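Peer 1: Mind having a look at this structure? Questions to follow.
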Amino acid sequence: MTNEAVLHSHIEHAKPTGWRRWVCSTNHKDIGTMYMIFALIMLFLGGASALVIRAELFMPGIQLTSPDLYNSLVTNHALIMVFGAVMPAAAGMANWMIPLMIGAQDMALPRMNNLSFWFLPAAAIMLVLAFIVPFIPGGGTMVNTGWTLYPPLSLQVGMSMDFLIFTVHLLGISSILASINIIVTILGNRAPGMTLMKMPIFVWSWLVTAFLLILIMPILAGAVTMLLFDRNFGTSFFNAAGGGDPVLFQHLFWFFGHPEVYVLLLPSMGIVGSIIATFSRKPLFGYRSTVFSMMSIGLIGMLVWAHHQYTIGMSLGAVTYFMIGTILISIPVGLMIFNFIATMWRGSMTFETPMLFAIGIILMFSFGGFTGVMVAVIPGDIQYHDSMFVVAHFHYALIPGALFGLLAGVFYWIPKWTGYMYDEKLGKLFFWTSIIGFNLTFFPQHFLGLAGMPRRIVDYNLIFTEFNVISSIGSFIYGLSHLIFLYIIIKTIRGGKKADGKVWEGAKGLEWELSSPPEFHSWSKTPEIK
Amino acid sequence: MTAKQEDYYIPNPSPWPFITATSVFSTLLGLALIINDLFFGGIFLLAGILLFTYLLFEWFGDVIEENNLGLHSKKVDSAFRQGMIWFIASEVFFFISFFASLWYIRNVSVEWLGGTGYLSATHDFLYNQFDAQWPTAGPGAVGEGFSPMEAWGIPALNTFILLTSGATITWAHWGLKTENRKLLVGGLITTIILGLIFVVMQAWEYQDAYEHLNLTLRSGVYGSTFYILTGFHGLHVITGSIMLASILGRSIKGHFSPKSHFGFEAVAWYWHFVDVVWLALFFLVYML
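Going line by line, the protein sequences match chains D and F. First residue of the first sequence: 0, per numbering that gives the first Met the number 0; consecutive thereafter. First residue of the second sequence: 0, per numbering that gives the first Met the number 0; consecutive thereafter.
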């Protein structure tokens, strides 16, 4: 009794108001919300830079941007989308949902949780500095290397590259701290009876992701540190005259970069798994095999990085190994996708917006996966390398595989977060406009690439005009459709139809036993799972 | 708030995370400005470091106070432990990126530049006078001639010092467990002194390398890998020594009990990690 009274007074005491609630927060829900708002802002920033790129490519010739500015926009678009939009949105959902799903009162290390969030705005400011410094007189050249930052070009860029290197450091610290927190929470703070193999698939997906991040982010930090030393202190890591090798950077970068793809993908797949089970009103088919396929995706994903570098001149043995390893990944990925499809089999399905996105993901992500097998095959890749085909491939893999999954998650969980139902009609409108816009943008790029249009070049041959026009029109439909998304979110936050605790009829899991929205401190009485 | 709780302890809102992010941002911004010779960088750097130092006292002070109030349950304690383990794991991977680079440079890039292997085009067209060897400053002899660092001088002595410090911190731990205050404080002081001797010796080694061996950061890949590995390790020794000093202060104040002393253990783990990295370093950088 006394314990409970003390706890109660403590909880009352700990509900802060005003700016302190956000800036000094130790509450997983508030931190999750901040993560997602940050991600939304970055999504629009990254989208805007993509629209400038597409506007430039609308017609052959150089209209809007200089070649350097064009490549700087390409660089920033990638970095903003990967590190600013997708990862923080996934981390925000992890923050919000994992404690609710496993019956924990909060994340295990609440202050560190807030720290990992606040590193992100710091990194964003640093990234913006890297972008605007070249516009100041004496600010050096722009970061025109693409997000891969390959030397020797990145050694020649002006001081903005140093800002970018420190951006990567900040992002790395943020991801590592967030991952430590997620692992510790999942391994240590589950409610009694919530065994590992009873955890929702979303929690599993994040456990694998967090392990990946702890292993790969330090490698990227080390690589850009060496870049910093080569640029400023005269070392020769990536300089052949001193005995180094620019290719070394590529190996280090892709040792990070390839698992990073799965870091972006897996949380979304966790969301898709839960959505499909809910709207098919069946438990997830092959839960165990889905968990193991996620683990093997993570494991094999760490061992196949050099398939991004087939054309650098590796030995035949090495490229063959990387090719076979890469194609092997399609087995666990395929297993996961087939499990999702089997979940729908004979389910009583309904097609609310999250489910529409989930089905769209299965179709379009599989397509991106198939082109992935194409670019994994060495002789094919030598033709496709650095062409628009690659651009089409990874946008088909990453927009459905990562971004659509997160959008589906927003529609799936926003009634839980806000306590109000979103507007289903508008949700479906957003789904269809964005799907049509997306396919219109990226499908023609396959043909452009196969016909020989290189990427990362501001101008192109006249023969590529038609498909580029279609692609640019599609991109504006796709980009502007997100205004509908923004409107839906604002409208839902402001009010609407009240949502029950159990928002969806077929939903199962601890998070649906709480009210919508949950109390500020949920699970003050730890649930027990039978 | 003072009574013991069964439930997981969730701290009250705290300003320190935000201030930490601000201070780290200021430090890195300062560094970015300084390396590009912009004079006001120093202000940002200094402000960042000072703020960071200040908040370490405040943040850890909060945690220690909570612990003394008995707010940390077993679960909280285990969360701290696991957090530290995964943090050290990420640090290990940070060093692995440098060790892997060393391996690649020695076994792949220098070999290729020397004309062995199937990728000998760079050798044939640019550097056909170059023979693969280690240590090397590369085919361009970047930084001009140098002599490599001998393993059996200061480095071997430093290995001995660090290994001894690993023993003395275990000694201190033993003192803590058996409530032998003298042994605890004595062991910690010895460990710190050994850590500091290590740092001073390494500084001496660096000075020797710069003045007599012409071995500098600019000495091709040998200089690059040598200084980045030993340098980052040295930074970790300094960090570890600062951590040890704070633990010493807490030990003198009597913060630790034989049963509850996670702060001590975390530092000990970190110190052993620094120790193990040095062993790998001594073997791979100096001896091979």
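Beta carbons are placed, not taken as given, at the ideal position from N, Cα and C, and that holds for glycine. These numbers were taken from a predicted model, which means no experiment stands behind them.
#1: If distances are taken between C-alpha atoms only, which option among D:P98, D:S273, D:M160 comes closest to D:F201?
#2: For the pair the stretch 484 to 503 of chain D and the stretch 414 to 426 of chain D, tell me if three or more CB-CB distances fall below 8 Å.
#3: Would you mind telling me which residues of chain F sit closer than 8 Å to D:L251, beta carbon to beta carbon, in chain order?
#4: Kindly indicate if chain D contains any beta-carbon less than 8 Å away from that of F:F7.
#5: Any residues in the stretch 23 to 34 of chain F with a beta carbon nearer than 8 Å to a beta carbon of chain D? Which ones, in chain order?
#6: Below 8 Å, can you find three or more Cβ-Cβ pairs linking the stretch 65 to 81 of chain D to the stretch 474 to 483 of chain D?
#7: Taking DSSP as the reference, what is the three-state secondary structure of D:P266?
#8: Taking 8 Å as the threshold, find out whether the stretch 138 to 149 of chain D comes into contact with the stretch 40 to 58 of chain F through three or more Cβ pairs.
#9: Beta-carbon separation of D:L459 and D:P66 under 8 Å?
#10: Grab me the residues of D:I376's own chain with a C-beta within less than 8 Å of its C-beta, minus the 5 sequence neighbours each way, in chain order.
#11: Just confirm the distance between the C-beta atoms of D:M196 and D:R345, as a whole number of angstroms; I'd bet it's less than 8 Å.
#12: Counting only beta-carbon atoms, is D:N94 nearer than 8 Å to chain F?
#13: Under 8 Å Cβ-Cβ, which residues of chain F neighbour D:P453?
#14: For F:T52, go through chain D and note every residue whose CB falls closer than 9 Å to its CB, in chain order.
#15: Could you round the C-beta distance between F:L70 and F:Y8 to whole angstroms and report it? I think they count as a contact, below 8 Å.
#16: Figure out for me which residue from D:P245, D:A54, D:D29, D:A84 has the closest Cα to the Cα of D:F43.
#17: For D:F116, I'd like the list of residues in its chain whose CB is within less than 7 Å of its CB, leaving aside the five on either flank, ordered along the chain.
#18: Tell me which residue opens and which closes the alpha helix (DSSP H) that D:W431 is part of.
#19: Which residue comes first and which comes last in the alpha helix (DSSP H) that contains F:K73?
#20: Pull up the distance between the alpha-carbon of D:V502 and that of D:A396, whole angstroms please.
#21: I'd like to know whether the C-beta of D:S153 is nearer than 8 Å to at least one C-beta of chain F.
#22: Does the stretch 117 to 124 of chain F come into contact with the stretch 204 to 214 of chain F, if we say contact requires no fewer than three beta-carbon pairs (one atom in each stretch) closer than 8 Å?
#23: Under 7 Å Cβ to Cβ from F:L280, same chain only, skipping five residues before and after it: list those, please.
#24: Sorted by chain position, which residues of the same chain lie with C-beta nearer than 7 Å to F:L156's C-beta, five sequence neighbours on each side aside?
#25: With respect to the alpha helix (DSSP H) encompassing D:Y579, which residues constitute its N-terminal and C-terminal limits?
#26: Are there any heavy atoms of the ligand FMN lying less than 7 Å away from the beta-carbon of D:R230, as far as the coordinates show?
#27: Using a Cβ-Cβ cut-off of less than 7 Å, list which residues of the stretch 129 to 149 of chain F approach chain D; keep chain order.
#28: With a threshold of 8 Å between beta-carbons, can F:F159 be considered close to chain D, or not?
#29: With distances taken from CA atoms, which of F:Q128, F:P147, F:W133 is nearest F:G139?
#30: Short check: CB of F:I191 to CB of F:L243, under 8 Å?
#31: Taking C-alpha atoms, which residue in D:R493, D:A276, D:L283, D:T440 lies nearest to D:A54?
#32: Within 8 Å (strictly less), CB to CB, does D:L42 reach chain F?
#33: Is it right to say D:F484 is buried, meaning 16 or more other beta carbons lie within 10 angstroms of its own, or is it exposed?
#34: Strictly below 8 Å CB to CB, what residues from chain D border F:A20?
#35: Strictly under 8 Å for the Cβ-Cβ distance: is F:F17 near chain D by that measure?
#36: Could you name the residues of chain F that D:H168 contacts, counting a contact when the two beta carbons are closer than 7 Å?
Peer 2: The structure says:
#1: Nearest C-alpha to D:F201: D:S273.
#2: The stretch 414 to 426 of chain D and the stretch 484 to 503 of chain D touch, with three or more beta-carbon pairs separated by less than 8 Å.
#3: Around D:L251, the beta-carbon contacts reaching into chain F at under 8 Å are S96, A99, S100.
#4: Looking at the sequence itself, residue 7 of chain F is Tyr, so the reference to Phe does not match. Taking 8 Å as the threshold, the shortest C-beta distance from F:Y7 to chain D falls below it.
#5: Of all residues in the stretch 23 to 34 of chain F, only V23, F24, L27, L28, L30, A31, I34 come within less than 8 Å of chain D when Cβ atoms are compared, listed by chain position.
#6: Flag = no, the stretch 65 to 81 of chain D and the stretch 474 to 483 of chain D do not touch.
#7: When DSSP states are grouped into helix, strand and coil, D:P266 belongs to the helix group.
#8: Touching, no.
#9: What sits at residue 459 of chain D in the sequence shown is Tyr, not Leu. The answer is no: Cβ separation not under 8 Å.
#10: Looking at the sequence itself, residue 376 of chain D is Val, so the reference to Ile does not match. Around D:V376: M322, I326.
#11: About 24 Å separates the beta carbons of D:M196 and D:R345, which is beyond the 8 Å limit, so they are not a contact pair.
#12: At a cut-off of 8 Å between C-beta atoms, D:N94 does not count as an interface residue with respect to chain F.
#13: For D:P453, no chain F residue has a C-beta closer than 8 Å to its own C-beta; the minimum C-beta separation is roughly 23 Å.
#14: What F:T52 touches in chain D: nothing, since even the nearest Cβ is about 16 Å away.
#15: The pair is a contact, with the Cβ atoms about 5 Å apart (cut-off 8 Å).
#16: The residue with the shortest Cα to Cα distance from D:F43 is D:A84.
#17: I30, M33, Y34.
#18: 423 to 449 is the span of the alpha helix (DSSP H), which, as asked, contains D:W431.
#19: The continuous alpha helix (DSSP H) containing F:K73 extends over residues 73 to 103.
#20: Taking C-alpha positions only, D:V502 is separated from D:A396 by approximately 30 Å.
#21: D:S153 is outside the set of residues whose beta carbon lies under 8 Å from a beta carbon in chain F.
#22: Under the 8 Å Cβ criterion, the stretch 117 to 124 of chain F does not count as touching the stretch 204 to 214 of chain F, having fewer than three qualifying pairs.
#23: Its chain contains L228, T229, H232 as the residues whose beta carbon lies nearer than 7 Å to that of F:L280, once the 5 sequence neighbours on both sides are disregarded; these appear in chain order.
#24: Contacts found: M200.
#25: Only positions 0 to 529 of chain D appear in the structure, and residue 579 of chain D is not among them; the question remains open.
#26: By its list of ligands, the structure shown contains no ligand whatsoever, and the ligand FMN lies outside what it can speak to.
#27: Answer set for the stretch 129 to 149 of chain F: T135, A136, G137, P138, G139, V141.
#28: By this cut-off, F:F159 is not an interface position.
#29: The candidate whose alpha carbon is nearest that of F:G139 is F:Q128.
#30: Going by C-beta atoms, F:I191 is nearer than 8 Å to F:L243.
#31: Residue nearest to D:A54 within the set D:R493, D:A276, D:L283, D:T440 is D:T440 (criterion: CA-CA distance).
#32: Answer no: the Cβ-Cβ gap between D:L42 and chain F never drops below 8 Å.
#33: Classification of D:F484: buried, given that the 10 Å Cβ count is 16 or more.
#34: Ordered by position in chain D, the residues that pass the 8 Å Cβ test against F:A20 are L114, W117, F118, P120, A121.
#35: The beta carbon of F:F17 sits closer than 8 Å to some beta carbon of chain D.
#36: Near D:H168 (Cβ distances below 7 Å), the residues of chain F are L27.
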